[in-house]
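Take a look at the structure set out below.
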Amino acid sequence: MRSPSRGDGSPDRGSVTAEFAVVIPAVVLVLGLCLSGLQLAGAQLMLQQVAASAARALARGEDLGTAGRLAARLAPGAMLSEEGQGSVVCVRASSSGSVARGLLGAVSLSARSCALAGGR
């Protein structure tokens, strides 16, 4: 009597294992890209918050050093630049690649926020 599991000569034998071995790395790569995208989105939101907080601080009359310390507390490595436009104070916050690093490599992020000078 022959065993059905040995020598049945089926050409599809083991194909599920091979397909599974090909699919698993692709799924892991897609999952890694999704998580990296979420990390970058979180970094962008934090950078926007830093720019808004720094713009409000400068609009209240505080100096750029105080706003920079606030930014360093919220997002270490973020760089601020002030852009005055009349009665509106604008701040651009940008991050180097080391802050926003994902699976795709280093990504530069920036955010801009404005506040009415004098807090009125």
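For the sequence shown, full-length UniProt numbering gives the first residue as 1, with consecutive numbering after it. The beta-carbon is built from N, C-alpha and C at its ideal position, and this holds for glycine as well.
Which residues in the same chain as residue i place their Cβ atom closer than 6 Å to its Cβ, once the five residues preceding and following it in sequence are excluded?
| i | result |
| --- | --- |
| Gln48 | Ala111 |
When DSSP labels each residue in this structure, what does residue i get in the three-state scheme?
| i | result |
| --- | --- |
| Glu83 | strand |
| residue 121 | Outside the modelled stretch of the chain, which goes from 1 to 120, sits residue 121, for which no answer is possible. |
| Ala43 | helix |
| Ala75 | coil |
| Ser94 | strand |
| Val107 | coil |
Return yes when the Cβ of residue j is within less than 8 Å of the Cβ of residue i, no when it is not.
| i | j | result |
| --- | --- | --- |
| Ser108 | Val91 | no |
| Ala115 | Arg56 | yes |
| Leu64 | Leu58 | yes |
| Ser95 | Gly77 | yes |
| Ala117 | Ser87 | yes |
Between residue i and residue j, which are expected to be in contact by the criterion C-beta below 8 Å, what is the C-beta distance as a whole number of angstroms?
| i | j | result |
| --- | --- | --- |
| Val50 | Ala75 | 5 Å |
Within the same chain, show all residues whose beta-carbon is closer than 7 Å to that of residue i, passing over the 5 residues directly before and after it, in chain order.
| i | result |
| --- | --- |
| Gln85 | none |
Leaving out the 5 sequence neighbours to the left and right, which residues in its chain are closer than 8 Å to residue i when beta-carbon positions are compared?
| i | result |
| --- | --- |
| Leu45 | none |
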